[in-house]
Amino acid sequence: MDFQQTLENQVLVGDGAMGTYLYDKGVPLEGCFEELNVSRPDLIAAVHTEYLEAGAQLIETNTFGANALRLGRHGLEAEVRRINIAAVQNARTARGTRPAWIAGSMGPTGLSAPQIAERSGEVAKAFETQAESLLEGGVDLLFLETFTLMEEALAALGAIRRVSSTALVNASVSAGESARLRDGSPLDEAFRILRGAGAQMVGINCTSGPALTRNLLQAIPVEQDSLLAVFPNAGRPEYFEGRHYYGTSPEYFAAVCKSFVAEGARIIGGCCGTTPAHIAALSKALTGLQPVFEKTVEKSVIEITTRPSGPAPIPEETILDIIKKRTLIVTELDPPKTLTTEKFITGARALTQAGTDAVTLADNSLAILRVSNLAMATLIREKAGAMPMLHLACRDRNLLGLQSELMGMAALGIHHVLALTGDPPQFGDHPGASAVYDVNSVGLIDLIRRMNEGFNQSGKSIKNPTRFTIGCALNPNAKNFDSQIKKLEQKIRAGAQFVMTQPVYDRAKIRETHERTKDLGIPVLVGVFPLINGRNAEFLHNEVPGIVIPDAIRERMRGKEEAAGAAEGLAIAREITEEVLALFKGIYLITPLLRYETTVELSQWVRAQERRA
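Positions in the sequence shown are counted from 1; adding 1030 to them yields our numbering.
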């Protein structure tokens, strides 16, 4: 019987989460589950059989991550066709003569939104190859699942349609309690777009447990022939001794999922944490229930996610406003390494009085422990009248921590941020510390941009949009400057509004930086780092990543210590500053070792030059 004809008169029971069930059975997480399709076909077929015997009428192939981009992380990018076809064969073996359907599972690539845009050709090819392989293997339909970005879901759907115009496709997305995808797309709008792009069925899976999924479904209208697949998680997991445990009982899971039928669900199964026991209970609960073909929704029961309609707060002047009126001076002052903070606050006050527009504070730069830059930013704003700009590194915080930090900054009225990937901790003063890197600098910029639009990373409204002015970094000293410019263009597409560079000591490199960035449309602040003595120059050149000091400059500093070294370093900094300001409308001064007197003098010199002009 035709699959769609089957759905005309009954609600189908889907299977559960093979990945988490394999994990529960003791299969280690090293490598990837998809490889088991080839190395352990008996195990995969046996798990399929357990779900079928529990009452599943539709099973999904073990191919959620079996596209070239995800398999490439395990060195298996050349095995896409073999793994996917083997997966279908394993499912067919388990099905035997049972009246069940096989869906070819296709998940996201794991790339961030900017990466998906940047690598669109690779993404399209990865989905095309996987879809081709699954259809060649003989699946009855294709299941796109756990998509959180509409751009990627549409890329996958478009790839399938290039491979086959007739293949039956379910496009399932993940949404949190806000009823929005991670990119902010409303759930009902996502369904409409996916149907328009060629998905015969749409759905929700993962992220939410049964109760929250029910809430989401209550706000979704159902029209004749609008097929809906729903695969919730078995509640929220508990993390204990290195493992995730899902505690939702099969009885509770089945009782709540039974209510999905009245909300229009036509296929009901389980995602993370759902075992054959959950599917057995679900199958029993759904017996005899008739599908609902139409349902109207008068009022959303989901949390309101639109932005507030009240008057917007009056924004403070930003560096983007300042640079239109005068030479912009941003000066870095690293937070102290101890709780002796008086000199830092004094320095911030002196810099502000000398003409520095914003004091920028590093985020444990070089992975060396310092006082929280958010705490110090609050202090210098209150005690020194300084405008703070915070560096924010991806190294030390996961996605929750990054967003919490950003919301804290916004709540405190700190609206300038420089988004950085962050130096690896193994080279800092705490080499045993773990690096997080849930996102890189491009992903962080995209995240901040989304918060400026009023939504967090999961698509949930934060009620009041943030007002961050977003900066990014550029290293003109890199051996491959072309790759730096390419990455900078990605950052700008993600939402960067200004650029700050590593310190530059080579005049030719300053001119090249101007030439390569002049048409990008955002301000570039070239870094100027005054040298303090000969030893300092050699250390920076030889031991600090991203800094290159020409031989001629190092020769000028050689042998100069104390006052003579500081004087020569300041003279060099003035020469570099003059070169920078002949080409750029702003400058980024970097204070050496909390010796703020040097950058105070440079700030005063810049303002004096400005007055003479």
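Just so it is clear, CB atoms sit at the ideal spot from N, CA and C, and this is done for glycine as well. Everything numeric in this text was worked out from a predicted model, so none of it was measured.
Where Tyr1626 and Gly1377 are concerned, what is the direct C-alpha to C-alpha distance, given to the nearest angstrom?
Taking the first residue of the sequence shown as 1, we reach residue 1626 at position 596. Taking the first residue of the sequence shown as 1, we reach residue 1377 at position 347. The C-alpha of Tyr1626 lies about 6 Å from the C-alpha of Gly1377.
For Phe1177, list the residues DSSP reports as bridge partners.
Within the sequence shown, the letter at position 147 stands for residue 1177. Phe1177 pairs with Val1203.
Once the 5 residues before and after Arg1642 are set aside, which same chain residues still bring their CB inside 8 Å of it?
Here residue 1642 is taken as the residue at index 612 of the sequence shown, counted from 1. Cβ within range, chain order: n/a, list empty.
For Ile1515, does the three-state DSSP call read helix, strand or coil?
Along the sequence shown, read from residue 1 onward, the residue named residue 1515 stands at position 485. Three-state result, Ile1515: helix.
Which ranges does the beta strand (DSSP E) cover as unbroken runs of at least 3 residues, wholly within the segment 1256–1294, from first to last along the chain?
1257–1261, 1267–1270, 1273–1276
Are the beta-carbon atoms belonging to Ala1133 and Val1169 less than 8 Å from one another?
Here the question's residue 1133 lines up with position 103 in the sequence shown. Here the question's residue 1169 lines up with position 139 in the sequence shown. Taking 8 Å as the Cβ cut-off, Ala1133 and Val1169 qualify as a contacting pair.
Go ahead and label Gln1145 buried or exposed: buried means 16 or more other beta carbons lie within 10 angstroms of its beta carbon, across all protein chains shown.
Your numbering for residue 1145 matches position 115 in the sequence shown. Burial check for Gln1145: the Cβ neighbour count within 10 Å reaches 16 or more, so the residue is buried.
By the 10 Å Cβ neighbour count, where 16 or more other Cβ atoms means buried, how is Ala1342 classified, buried or exposed?
Translated into positions along the sequence shown, residue 1342 becomes position 312. With a pLDDT of 43 at Ala1342, under the threshold of 50, the modelled position of that residue is not reliable, and no figure is offered here.
Apart from the five residues on each side of it in sequence, which residues of its chain come closer than 8 Å, Cβ to Cβ, to Glu1181?
Taking the first residue of the sequence shown as position 1, residue 1181 is located at position 151. Within the same chain, Glu1181 has close Cβ partners Ala1143, Ile1146, Ala1147, Asp1213.
Return yes when the Cβ of Thr1176 is within less than 8 Å of the Cβ of Pro1138, no when it is not.
Position 108 of the sequence shown, counted from the first residue, corresponds to residue 1138. Position 146 of the sequence shown, counted from the first residue, corresponds to residue 1176. For Pro1138 and Thr1176, yes; Cβs fall inside 8 Å.
Could you work out which residue in Ala1440, Val1610, Thr1371 is closest to His1544 when comparing CA atoms only?
Residue numbering aside, residue 1544 sits at position 514 when the sequence shown is read from its first letter. Residue Val1610 is the option with its Cα nearest to His1544.
Under DSSP, the beta strand (DSSP E) around Pro1454 begins and ends at which residues?
Taking the sequence shown and counting its residues from 1, one reaches residue 1454 at position 424. Boundaries cannot be given for Pro1454, as no beta strand (DSSP E) includes it and DSSP labels it neither H nor E.
Using the beta-carbon count (16 or more within 10 Å), is Asp1387 buried or exposed?
Reading the sequence shown from its first residue, position 357 is the one you call residue 1387. Buried, since its Cβ has 16 or more Cβ neighbours within 10 Å.
If contacts are defined as beta-carbon pairs under 8 Å, then Ile1190 and Ala1161 qualify, I think. What distance do you get, rounded to the angstrom?
In the sequence shown, the residue the question calls residue 1190 occupies position 160. In the sequence shown, the residue the question calls residue 1161 occupies position 131. 5 Å between Cβ atoms; contact.
Exposure label - Pro1338; buried when at least 16 CB within 10 Å
For the purposes of this step, residue 1338 is taken as residue 308 along the sequence shown, with counting starting at 1. Confidence is the limiting factor: at Pro1338 the pLDDT is only 44, short of 50, which leaves the residue's position unreliable, though a coordinate-based value still follows. Exposed is the call here.
Per DSSP, Phe1485 is paired with what?
Indexing the sequence shown from 1 puts residue 1485 at position 455. Per the DSSP secondary-structure output, Phe1485 pairs in a beta bridge with Ser1491.
Heavy atom of the ligand NAP within 7 Å of Leu1066 beta-carbon
Summarising the ligand content, the structure contains no ligands, and the ligand NAP is consequently not present.
Run through DSSP, which three-state label would His1421 get?
The residue given as residue 1421 occupies position 391 in the sequence shown. Strand.
Helix, strand or coil at Lys1615 according to DSSP, with G and I counted as helix
For the purposes of this step, residue 1615 is identified with residue 585 of the sequence shown, where counting begins at 1. Looking at Lys1615 - three-state DSSP - the assignment turns out to be coil, as it is neither helix nor strand.
When you compare only the Cα positions, how much space is there between Leu1042 and Ala1183?
Within the sequence shown, the letter at position 12 stands for residue 1042. Within the sequence shown, the letter at position 153 stands for residue 1183. Leu1042 and Ala1183: Cα-Cα distance of roughly 24 Å.
How many Å lie between Leu1477 and Glu1083 at the Cα?
Start at 1 with the first residue of the sequence shown, and residue 1477 comes out as number 447. Start at 1 with the first residue of the sequence shown, and residue 1083 comes out as number 53. Each residue's alpha carbon lies about 44 Å from the other.
Using alpha carbons as the reference points, say which of Asp1045, Leu1099, Gln1087, Phe1033 lies closest to Cys1062.
Within the sequence shown, numbered from 1, the residue matching residue 1062 stands at position 32. The candidate whose alpha carbon is nearest that of Cys1062 is Leu1099.
Using 8 Å as the cut-off, can you tell me whether the segment 1458–1477 makes contact with the segment 1425–1439, which would need three or more C-beta pairs spanning the two stretches below that distance?
yes
Quick one: residues in its chain with C-beta nearer than 6 Å to the C-beta of Ile1334, no 5 flanking neighbours on either side, listed in chain order?
Locating residue 1334 in the sequence shown gives position 304, counting from the first residue. Residue placement at Ile1334 cannot be trusted, given a pLDDT of 40 that sits under 50; what the coordinates show is reported in the next sentence. Around Ile1334: no qualifying Cβ.
CA-to-CA distance, Leu1242 to Pro1216, given in whole angstroms:
Here residue 1216 corresponds to residue number 186 of the sequence shown, with the count starting at 1. Here residue 1242 corresponds to residue number 212 of the sequence shown, with the count starting at 1. Each residue's alpha carbon lies about 16 Å from the other.
I'd like to confirm the pairing. Which residues does DSSP put opposite Thr1326 in its beta bridges?
Stepping through the sequence shown from its first residue, residue 1326 is reached at position 296. Answer is none; Thr1326 lacks a bridge partner.
Can you give me the C-alpha to C-alpha distance between Gln1383 and Ser1208, rounded to a whole angstrom?
The sequence position of residue 1383 within the sequence shown is 353, counting from 1. The sequence position of residue 1208 within the sequence shown is 178, counting from 1. Distance between the alpha carbons of Gln1383 and Ser1208: 46 Å.
Taking 8 Å as the cut-off, decide whether the C-beta atoms of Ala1414 and Ile1352 are in contact.
Residue 1414 sits at position 384 when you count from the first residue of the sequence shown. Residue 1352 sits at position 322 when you count from the first residue of the sequence shown. The answer is no: Cβ separation not under 8 Å.
Once the 5 residues before and after His1571 are set aside, which same chain residues still bring their CB inside 7 Å of it?
Indexing the sequence shown from 1 puts residue 1571 at position 541. When the five nearest sequence neighbours on each side are left out, the beta carbons in the same chain lying within less than 7 Å of the beta carbon of His1571 are those of Ile1577, Val1578, Ile1579, Arg1584, in order along the chain.
Contact under 8 Å by Cβ, Pro1454 with Ala1503:
Translated into positions along the sequence shown, residue 1454 becomes position 424. Translated into positions along the sequence shown, residue 1503 becomes position 473. Going by C-beta atoms, Pro1454 is not nearer than 8 Å to Ala1503.
Gly1340 versus Ala1440: straight-line alpha-carbon distance, rounded
For the purposes of this step, residue 1340 is taken as the residue at position 310 of the sequence shown. For the purposes of this step, residue 1440 is taken as the residue at position 410 of the sequence shown. Any reading at Gly1340 needs caution, since the residue's pLDDT is 42, under 50, leaving its predicted position unreliable; the model's value is listed next. Ala1440 has its alpha-carbon roughly 18 Å from the corresponding atom of Gly1340.
Assess, as a yes-or-no matter, whether the segment 1233–1240 is touched by the segment 1271–1286 under the definition of 3 or more beta carbon pairs within less than 8 Å.
Yes, since at least three Cβ pairs between the segment 1271–1286 and the segment 1233–1240 fall closer than 8 Å, the two stretches touch.
Own chain partners of Pro1604 with C-beta closer than 8 Å, once the 5 adjacent residues on each side are dropped:
Locating residue 1604 in the sequence shown gives position 574, where the first residue counts as 1. Inspection of the sequence shows that residue 1604 is occupied by Arg rather than by Pro. Excluding residues within five positions, the ones whose Cβ falls inside 8 Å are Leu1632, Trp1635.
When DSSP builds the beta bridges, which residues end up paired with Thr1531?
On the sequence shown, position 501 is the one that residue 1531 refers to. Beta-bridge pairing links Thr1531 to Leu1504.
Which of the three DSSP states is assigned to Ala1133 in this structure?
Looking up residue 1133 in the sequence shown gives position 103. In the three-state reduction of the DSSP assignment, Ala1133 falls in the strand class, which pools E and B.
How long is the line joining the alpha carbons of Ala1047 and Gly1303, rounded to whole angstroms?
For the purposes of this step, residue 1047 is taken as the residue at position 17 of the sequence shown. For the purposes of this step, residue 1303 is taken as the residue at position 273 of the sequence shown. One C-alpha to the other measures close to 6 Å.
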